[in-house]
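The sequence shown lines up with residues 114 to 356 when you count with our numbering.
So the structure is just underneath, and the comments pick up after that.
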Amino acid sequence: MQQEVKLLIKLQAVDLEVKHIQDKKEEGPRGLRHLEKKAKEQEEELKAVLEKQEELKQKKKEKETELEDEIARLKKSQGKLMAVKTNREYQALLKEIEEIKKANRKREDEIVAVMEDMERLEKEIKEKQEELSKIREEINIEKGKLDSLFQKYDKELAKFEGNRKTMVKDIPEELLKRYDFLRSKRNGLAVVGVLNAVCLGCHMNIPPQLYNELLKEKKMIYCPSCQRIIYYQDVPKAANEKG
114 MQQEVKLLIK LQAVDLEVKH IQDKKEEGPR GLRHLEKKAK EQEEELKAVL EKQEELKQKK
174 KEKETELEDE IARLKKSQGK LMAVKTNREY QALLKEIEEI KKANRKREDE IVAVMEDMER
234 LEKEIKEKQE ELSKIREEIN IEKGKLDSLF QKYDKELAKF EGNRKTMVKD IPEELLKRYD
294 FLRSKRNGLA VVGVLNAVCL GCHMNIPPQL YNELLKEKKM IYCPSCQRII YYQDVPKAAN
354 EKG
């Protein structure tokens, strides 16, 4: 095998490791993003419930003010009973008092209903606050894990990138440019083996004449189908015996 091809194979192994680590770094925060989305949804739900709570507080206050005003009105009407002079006026006043009492009983029922709604809402708020607190705690734990993991990844990347800088010094500039171009267009695989006259990158057959050239290992050969740099991949003896 050509020395330059050997160097490219080693370089590609390093580049694939780097890509693998970078992919893991990108995938790592997925769980964190899910938790942050969950927390945001919970915050919005909690906000809506808190707004509802304020509405109920205001409604209760308005009903209580109405009730206080009507109680004062009732006392005033009851005070007039002793001052009326005709039976007709007396009956009219009694009717008015009864209507006020009836309306007040309804207001009292409405206030009780609002208070029951507020009690249910208070329970819901507590549950949502506890759930939000739990999610935030999970977020902090996940961030801690990611920080530790990313430190590990960064150390590995620094090591591989250091190795790469050393390796590329021995590779001709034009060949390195072509390798990097192919790597960017072929999902990281710029150099692939050929087994039984088949390119292991695109799985297309290599023409006989080109395959013979490849076996000689005297010059750089490219797959006519996928344009990758190709080399003859020898099959270990044990593999031949199995097949």
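Glycine included, each C-beta is placed from N, C-alpha and C at the ideal position.
Quick caveat: nothing in here was measured; it's all calculated off a predicted structure.
When the beta-carbon positions are compared, V281 and V118 stay at least 8 Å from each other. Counting along the chain, G306 sits inside the beta strand (DSSP E) bounded by residues 304 to 308.
The Cβ atoms of I284 and L121 sit closer than 8 Å to each other.
Pairing I134 with K268, the inter-Cα distance amounts to about 11 Å.
Fewer than three pairs of CB atoms, one per stretch, sit closer than 8 Å, so the stretch 214 to 228 makes no contact with the stretch 248 to 259. Judged by their CB atoms, G301 and K151 are not nearer to each other than the 8 Å cut-off.
Judged by DSSP secondary structure, I343 falls outside any alpha helix (DSSP H) and instead within the beta strand (DSSP E) spanning 342 to 345. In the DSSP assignment, I184 falls within the unbroken alpha helix (DSSP H) covering 143 to 193. The straight-line gap separating the alpha-carbon atoms of Q166 and V225 is approximately 15 Å. Collapsing the DSSP output to three states places V225 in a helix.
Taking the Cα positions, A310 is about 10 Å away from Y344. Around the beta carbon of R296, 16 or more other beta carbons sit within 10 angstroms, so the residue counts as buried. In this structure the stretch 133 to 149 touches the stretch 259 to 278; the number of beta carbon pairs closer than 8 Å is three or more.
In the three-state reduction of the DSSP assignment, V197 falls in the coil class, being assigned neither a helical nor a strand state.
Comparing C-alpha distances from M231 to each of Y324, K170, I248 shows the shortest one belongs to K170.
Rounded to the nearest angstrom, the gap between the Cα atoms of L180 and Q191 is 16 Å. Here R233 is exposed. Its C-beta has fewer than 16 other C-beta atoms within 10 Å. Distance from the CA of R220 to the CA of K239, rounded to the nearest whole angstrom, comes to 28 Å. Of all alpha-carbon atoms in E229, K258, L129, T199, the one lying nearest the alpha-carbon of G141 is that of K258. A straight line joining the alpha-carbon of R201 with that of D222 spans about 32 Å. Within the same chain, Cβ atoms closer than 8 Å to the Cβ of E244 are found at Q155, the five residues on either side in sequence being excluded. According to the DSSP assignment, N325 belongs to the alpha helix (DSSP H) that extends over 321 to 329. With respect to the C-alpha of L129, the residue from I319, E274, Q322 having the closest C-alpha is E274. With a 10 Å radius around the Cβ and a threshold of 16 neighbouring Cβ atoms, L148 comes out buried.
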